[in-house]
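In terms of our numbering, the numbers along the sequence shown are unbroken and rise by one, the last being 277.
From the three backbone atoms N, C-alpha and C, an ideal C-beta is built for every residue, glycine too.
For clarity, every value in this text was computed on a predicted model and none was experimentally measured.
Below: the structure, in C-alpha cells.
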Amino acid sequence: MDDLETQLLMADVGIEATTEIIDRLTERVSRKELQDSEALYRALQEELADMLEPVSAPLALPPRGEGPFVILVVGVNGVGKTTTIGKLTQRFQREGRSVMLAAGDTFRAAAVEQLKVWGERNQVPVIAQHTGADSASVIFDAVSAAKARGVDVLIADTAGRLHNKAHLMEELKKVHRVMGKVDAAAPHEVMLVLDAGTGQNALSQASTFNEAVPITGVTLTKLDGTAKGGIIFALAKQLGTPIRFIGVGETLDDLRPFVAREFVDALFDRDGNDAAR
Numbered sequence: 001m002d003d004l005e006t007q008l009l010m011a012d013v014g015i016e017a018t019t020e021i022i023d024r025l026t027e028r029v030s031r032k033e034l035q036d037s038e039a040l041y042r043a044l045q046e047e048l049a050d051m052l053e054p055v056s057a058p059l060a061l062p063p064r065g066e067g068p069f070v071i072l073v074v075g076v077n078g079v080g081k082t083t084t085i086g087k088l089t090q091r092f093q094r095e096g097r098s099v100m101l102a103a104g105d106t107f108r109a110a111a112v113e114q115l116k117v118w119g120e121r122n123q124v125p126v127i128a129q130h131t132g133a134d135s136a137s138v139i140f141d142a143v144s145a146a147k148a149r150g151v152d153v154l155i156a157d158t159a160g161r162l163h164n165k166a167h168l169m170e171e172l173k174k175v176h177r178v179m180g181k182v183d184a185a186a187p188h189e190v191m192l193v194l195d196a197g198t199g200q201n202a203l204s205q206a207s208t209f210n211e212a213v214p215i216t217g218v219t220l221t222k223l224d225g226t227a228k229g230g231i232i233f234a235l236a237k238q239l240g241t242p243i244r245f246i247g248v249g250e251t252l253d254d255l256r257p258f259v260a261r262e263f264v265d266a267l268f269d270r271d272g273n274d275a276a277r
C-alpha cells in the first residue's frame, strides 16, 4: 500500500485525493475484500472512477438556432488555448452548428493572428481589433455580432499573462460584466484550459482564475506523451468543476469529451500495473 501511495503522489494525484483513495482501499483490505493484488488493482480502478464520476459532465449546447451559446475561454499563455478553440470550432461545425470567434487576447499580436488563421481555415468569422485594444470592447462587439447574425456558438479567447495577475483578473471581470450587458445569460460557459504537464501548478491556476470569473468547465490539454493524468484527480477532489474535454494529441479527434470510466481504463491500459501513471 505504501508503494501505491508513492505512485499516486508521483503521478500528481495530490495529497488530499491520494489519502482518500488509500483510506478507502485500506478499509476494504481490512474487511478481507481484497485478498490478492488483482482484487486490489480492480478496487483501485473502481475508487479512481468513483472519484471522477461527479466531474464527468459533457458540455451541453442548446438546440441549433437557439444561440448564441457563448464560451469564454481562459487560461495562462502556453496551455493550448488557441489550439483548443480551433478544435472546438471544428467539433461544433461537424455537429452542424455555426461558429464565430472573438480575438479577446489583444495583448499578443500572435494570438490574434493565430485565431484569424483558424477562422480562415474553417470558414469562420473572427471578430478582432488592433493589438492593445480593449479586450472587453472586442468581446462586446463579438457577442453583439453573434446575436445579430444568429450564430449558434461564439468562442471568445482571452489574455493569459499571469505575471500581471491583478490587471489580468480585473480585465477578465470586466469582460464577464460586458458580456452580460449584451446577453444577460452570457457567458454560458467559462472554460478554463489547463496543461496536464504543469501538475499541481494547475490547481493554483484554477484557483486564481476562479477568483476572477466563476469557472464552469475545465479542458485539460497535453495528456499525451509524458504528462501524468493524476492531476485530474486532484482537480476533481479540490475543485469539483466539471471536466469537459481532454486533449491527448494534435489532431481534431484528439480533443475528446471526458468520460471518467474510459479515462481510468486508459490510464491502466497505458502502463500495465503502474496504475499511477
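query	result
For residue 12 and residue 273, the rounded distance between their alpha carbons	Low per-residue confidence applies at residue 273: pLDDT is 42, beneath 50, and the placement is therefore not dependable, though the value from the model is reported in the following sentence. Each residue's alpha carbon lies about 17 Å from the other.
Sequence-distant residues of the same chain with beta carbon closer than 7 Å to residue 169, five excluded per side	211 and 212
Length of the line joining the Cα atoms of residue 27 and residue 43	11 Å
Neighbour flag for residue 114 against chain B, beta carbons, 8 Å	Looking at the structure shown, chain B is missing, and only one protein chain is on hand.
One or two residues paired with residue 218 in a DSSP bridge	192 and 243
Cβ neighbours of residue 111 in the same chain (closer than 6 Å, five flanking residues each side left out)	105
Euclidean distance between Cα positions of residue 17 and residue 214	23 Å
When 219, 241 and 19 are compared against residue 257, the one with the closest alpha-carbon	219
Proximity to residue 24 [Cα-Cα], best of 88, 50, 37 and 6	50
Rounded Cβ spacing between residue 195 and residue 202 (contact assumed at less than 8 Å)	7 Å
Cα-Cα separation, residue 244 to residue 14	21 Å
Own chain, CB closer than 8 Å to residue 132, minus 5 neighbours either side, in chain order	106 and 107
Buried versus exposed call for residue 252 [16 or more other C-beta atoms within 10 Å across all chains shown]	exposed
Alpha helix (DSSP H) runs contained entirely in the region 122–206, provided each spans 4 or more residues	135–149 and 165–182
Whole-angstrom distance between residue 9 and residue 167, CA atom to CA atom	34 Å
Distance, residue 180 Cα to residue 136 Cα	11 Å
Sequence-distant residues of the same chain with beta carbon closer than 8 Å to residue 124, five excluded per side	89, 93, 99, 100, 101 and 118
Closest Cα partner of residue 193 within the set 222, 143, 65 and 147	222
Enclosing alpha helix (DSSP H) for residue 88 [first to last residue]	81–94
Counterpart residues of residue 72 in DSSP-defined beta bridges	156 and 190
Cβ shell of residue 261 (< 7 Å), same chain only, five flanking positions each side left out	49
Which of helix, strand or coil DSSP assigns to residue 59	coil
Between the CA atoms of residue 54 and residue 30 - distance to the nearest angstrom	27 Å
Simplified DSSP assignment, three categories, for residue 29	helix
Residue 43 - containing alpha helix (DSSP H), residue span	37–52
Beta-carbon spacing of residue 103, residue 127 below 8 Å	yes
C-beta contact flag for residue 82 and residue 134 at 8 Å	no
CA-to-CA distance, residue 238 to residue 2, given in whole angstroms	23 Å
Extent of the continuous beta strand (DSSP E) run through residue 101	99–102
Residue 197 versus 207, 230, 141 and 242, residue with shortest Cα-Cα distance	230
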